[in-house]
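**Q**
There are 2 protein chains.
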Amino acid sequence: MELRQLGAFVTVARRASFTRAAEELHLTQPAVTRQIAALESELGVLLFDRLGKSIQLTGAGETLLGYAEHIQRLTDEAHEALSELAAGRAGRIAIGAASTLATYVLPPLLTRFRQAYPGIELSLRTGLSARVRELVLSGVVDIGLVTSEGEPTRTDGALLSESLGVYETVLAVPPGHTLAGRTRVTVDELAGESLLAMTEGTNLRTYAEHVLADAGVVVSVTMELDSVEAIKRMVEAGLGVSLLPRVAVATEVDAGRLVALTLTGVPLPERHIVVLRRGDKHQSGPLTAFFTLLHQ
Amino acid sequence: MELRQLGAFVTVARRASFTRAAEELHLTQPAVTRQIAALESELGVLLFDRLGKSIQLTGAGETLLGYAEHIQRLTDEAHEALSELAAGRAGRIAIGAASTLATYVLPPLLTRFRQAYPGIELSLRTGLSARVRELVLSGVVDIGLVTSEGEPTRTDGALLSESLGVYETVLAVPPGHTLAGRTRVTVDELAGESLLAMTEGTNLRTYAEHVLADAGVVVSVTMELDSVEAIKRMVEAGLGVSLLPRVAVATEVDAGRLVALTLTGVPLPERHIVVLRRGDKHQSGPLTAFFTLLHQ
DNA sequence: AGACCTTACGGTAGCCGTAAGGATC
DNA sequence: GATCCTTACGGCTACCGTAAGGTCT
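Protein chains in written order, with our numbering: chain A, 1 to 296; chain B, 297 to 592.
Now the structure itself:
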């Protein structure tokens with residue numbers, strides 16, 4: 001039993017004629033006869049009564065017709081569903097992202113993506129960059145967004161890394177701070193400031209320590225928090241300053257509740273937004289679309 | 297997309313290996329590769345990620361797997377259902393029968409048939425013999441049971457007739473009747489009796505008139521009824537005698553409420569129980585089984 | 001080196017179209 | 001005689017198995 005045979009059978013049954021079915025199927029009439037004969041032989045039943053002038057479904061034929069139409073509908077749906085997937089109009093993307101990126105970078109991207117591809121399911125898992133990397137490697141997520149120092153070009157095994165651009169870190173101070181009138185600040189000038197920092201293990205904390213150590217500046221970490229949002233509130237309240245991603249303070253800066261100072265001073269390492277994916281895993285239609293959006 | 301390809305795909309997906317799927321399918325491994333490749337090419341999607349050591353379903357693969365397993369289940373069910381039909385263990389028989397046969401002959405037959413083939417649906421339509429004949433010709437019923445005078449051997453067009461045996465007609469009289477002590481009676485002796493008869497148009501009425509006319513006997517039809525059951529009650533009540541099928545009075549004779557006299561006298565035409573069917577229509581498994589039962 | 005999937009190549013089985021045959025109306 | 005389905009025959013497509021080639025562990 002093959003789908004071609006079932007298709008021929010359904011057509012013959014609907015048209016009640018081998019000849020007209022052959023026309024519809026773009027086959028010759030003997031070819032249709034053989035398709036039906038093969039089915040009848042395999043199933044051990046007669047599917048049509050040949051009444052000379054006309055033909056008529058037998059009971060077995062009616063039974064098979066029910067199944068055959070059901071099967072045809074399913075194959076049509078399968079074709080449809082897969083062509084939707086291939087065209088990127090349907091499917092599912094699992095994204096892993098470092099927490100700050102998930103909070104401050106992804107929302108506008110996902111909003112635009114959702115508008116362009118409303119049929120695609122999105123799932124998001126957040127965590128530390130190292131954890132996101134594991135999720136990508138294990139295939140739990142299709143794509144990972146993390147931060148990293150320097151331009152990542154190494155392809156660690158099956159893992160591909162691409163930079164989406166620089167992820168600028170700024171000094172956030174409250175409006176009344178002595179540095180608040182400035183637009184730039186060197187790392188040296190941070191000496192003596194009380195710094196609010198993320199907990200250890202986060203890329204943001206590691207980066208801050210790296211920058212300060214390179215400059216030989218000793219800064220007291222007066223408070224350690226596990227939330228960028230909490231740090232911003234503390235800075236607003238005048239409890240200190242902090243090194244934060246520029247995108248994370250954009251709203252507060254626009255509203256005048258915080259001032260963002262560009263860090264200068266040599267040598268200042270750059271952080272990048274990095275997208276991670278497995279090179280040996282198939283890139284589905286939706287994922288390709290998402291990639292295109294990321295690179296804009 | 298063909299069922300063979302879907303079968304290969306499902307096997308590969310379940311075993312998570314082309315090699316092991318090939319073993320299960322009794323194919324070589326390259327053959328399996330080509331089946332999957334053909335599917336991927338036709339559908340325009342990758343179904344498996346080839347990760348060197350192992351393979352993994354893609355999103356498109358998982359989507360197709362759902363459809364493919366559904367389709368496989370349906371084809372299995374279709375096979376099953378049709379083999380049930382072929383074996384005579386399932387199906388449906390539509391029977392047409394003359395009213396007296398339906399009442400007095402069919403019940404024990406159908407009881408035995410139901411015991412032997414409990415899976416087969418039975419439908420019964422009753423009517424005059426001429427009407428049953430039409431039902432068989434038009435294909436509304438698969439088989440017809442009627443009465444006819446003489447052995448029917450003619451094949452009227454597509455209609456096949458076979459006799460199942462003689463359908464004896466007897467004279468039914470009440471126990472107190474003057475003939476009640478006899479076991480046989482000639483047609484001549486009916487002269488002067490008051491006869492209860494079926495309405496005109498029934499085979500029973502036609503037969504009775506035929507027999508009486510042949511013998512040159514004039515009998516007054518004192519009452520005309522359209523029910524054999526009603527006639528029997530009238531005869532029991534002493535309102536007359538009647539020519540009835542022996543099987544129709546068997547119960548009353550056994551109970552002593554009626555006496556059945558065998559008709560003799562030359563020439564006495566015989567009635568037969570006749571089974572009608574279309575020769576050009578397929579005889580399904582269940583129908584064959586029913587035929588076998590009828591001929592026992 | 002071993003395991004696994006893919007590609008290449010030659011042979012065969014199955015399907016198709018043309019042509020002839022048989023049955024029915 | 002016309003119509004419709006079936007059977008026969010030659011040709012071609014497509015699938016299979018064997019063998020060689022890649023790639024990753």
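Glycine residues also receive a C-beta, built at the ideal position from the N, C-alpha and C atoms. Small disclaimer: the values here were computed from a predicted structure and weren't measured.
Does A/H79 have its Cβ less than 9 Å from a Cβ in chain B?
**A** It does; some Cβ of chain B falls within 9 Å.
**Q** Identify the contact partners of A/D280 in chain B, using a Cβ-Cβ distance below 9 Å as the criterion.
**A** The answer, in chain order, is D345, R346, L347, G348.
**Q** Which chain A residues sit within Cβ distance under 7 Å of B/E298?
**A** Per Cβ cutoff of 7 Å: E2, L3, R4.
**Q** Roughly how many whole angstroms lie between the Cα atoms of A/H86 and A/T33?
**A** What sits at residue 86 of chain A in the sequence shown is Ala, not His. Rounded to whole angstroms, A/A86 to A/T33 spans 37 Å at the Cα level.
**Q** Apart from the five residues just before and just after B/P563, which ones in its own chain have a Cβ nearer than 7 Å to its Cβ?
**A** Cβ within range, chain order: D510.
**Q** Are the stretch 139 to 146 of chain A and the stretch 278 to 294 of chain A in contact at 8 Å, needing three or more beta carbon pairs?
**A** Because the criterion of three Cβ pairs below 8 Å is met, the stretch 139 to 146 of chain A and the stretch 278 to 294 of chain A touch.
**Q** I want to verify the contact list: residues of chain A whose CB lies under 9 Å from the CB of B/V437, in sequence order.
**A** Within 9 Å Cβ-Cβ: nothing; B/V437 doesn't reach chain A, min ~13 Å.
**Q** Between A/L244 and A/A208, what straight-line distance do the alpha-carbon atoms span, to the nearest angstrom?
**A** Rounded to whole angstroms, A/L244 to A/A208 spans 9 Å at the Cα level.
**Q** Give the range of the beta strand (DSSP E) segment to which A/M198 is assigned.
**A** Counting along the chain, the beta strand (DSSP E) containing A/M198 begins and ends at 194 to 198.
**Q** According to DSSP, what are the bridge partners of B/A394?
**A** BP columns for B/A394 point to B/G423.
**Q** Which residues in the same chain as A/A68 place their Cβ atom closer than 7 Å to its Cβ, once the five residues preceding and following it in sequence are excluded?
**A** Closer than 7 Å at Cβ, skipping near neighbours: L6, F9, V10.
**Q** Under the three-state reduction of DSSP, which class applies to A/V249: helix, strand or coil?
**A** In this structure, A/V249 counts as helix in the three-state DSSP scheme.
**Q** Tell me where the beta strand (DSSP E) around B/A556 begins and ends.
**A** It spans 555 to 560 - the beta strand (DSSP E) in which B/A556 sits, taken as one unbroken run.
**Q** Compare the C-beta of A/T58 with all C-beta atoms of chain B and state if any pair is closer than 9 Å.
**A** At least one chain B Cβ lies under 9 Å of A/T58.
**Q** Is the shortest distance between the beta-carbon of B/G387 and the beta-carbons of chain A less than 9 Å?
**A** Yes - at least one Cβ of chain A is within 9 Å of the one on B/G387.
**Q** Could you give the distance in angstroms between the alpha-carbon of B/L406 and the alpha-carbon of B/G435?
**A** Approximately 21 Å, taken between the alpha carbons.
**Q** Assuming contact is defined by CB atoms lying nearer than 9 Å, are B/R311 and B/V432 in contact in what I supplied?
**A** The answer is no: Cβ separation not under 9 Å.
**Q** Can you tell me the Cα-Cα spacing of A/T58 and B/A454, whole angstroms?
**A** Between A/T58 and B/A454, the C-alpha separation is close to 17 Å.
**Q** Measuring CB to CB, does A/G240 end up less than 9 Å from A/E270?
**A** No, these two residues do not count as a Cβ contact at 9 Å.
**Q** Given a limit of 9 Å on CB to CB distance, which residues of the stretch 10 to 27 of chain A reach chain B?
**A** Here the close residues number zero.
**Q** With respect to the alpha helix (DSSP H) encompassing B/L335, which residues constitute its N-terminal and C-terminal limits?
**A** Residues 325 to 339.
**Q** Just curious, the beta strand (DSSP E) that B/Q592 is in, first and last residue?
**A** Where B/Q592 is concerned, there is no enclosing beta strand (DSSP E), given that its DSSP letter is neither H nor E.
**Q** Taking A/L124 and A/L294 to be in contact with their CB atoms under 8 Å, please state how far apart those CB atoms are, rounded to whole angstroms.
**A** Between A/L294 and A/L124 the Cβ distance is about 14 Å, and since that is not below 8 Å, they are no contact.
**Q** Cα separation between A/E2 and B/L456?
**A** Roughly 37 Å between the two C-alpha positions.
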